[in-house]
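This is how it looks when you write it as C-alpha cells:
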C-alpha cells in the first residue's frame, strides 16, 4: 500500500520544519501546506481542518493514512507508516 502523508504546518514553526526535514531525510513522499502562507478562504479552511484534527491550535499536524500525529514525533510517524506497510529509510 502506498502511504498517504499530509503535513499541516506553519512557516515560522521550528518543529514543523523539523518534521518536514524528517520526511525528506527518510525519503518518504508527503504533501504539506504552510497554513500561514495561505490567504482568505483557503487559509481559513486549512486552519479549521488542522484545528479539527489536532483538537486545538497545535502544529505540526501530520496525517498518515488517516491517522493523526500532533507534533514532531518520529516514533509515531514510523508506527503509522509501518502499520500500512511503509516505513521509508
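Residue numbers (my numbering): 129 to 217. Beta carbons are placed, not taken as given, at the ideal position from N, Cα and C, and that holds for glycine.
Cβ contact annotation for residue 182 (same chain, cutoff 6 Å, sequence separation greater than five): 189 and 198, in chain order. Here residue 179 carries a helix assignment [DSSP, helix/strand/coil]. The three-state secondary structure of residue 159, taken from DSSP, is strand.
With contacts defined by Cβ atoms closer than 8 Å, residue 178 and residue 162 do not form a contacting pair. Residue burial is scored here from C-beta neighbours: residue 140 has fewer than 16 other C-beta atoms within 10 angstroms and is therefore classed as exposed. Looking from the CA of residue 157, the closest CA among 135, 144 and 176 belongs to 135. The alpha-carbon of residue 196 is positioned some 20 Å away from that of residue 172. Across the structure, residue 211 and residue 146 are spaced so that their CA atoms are roughly 23 Å apart.
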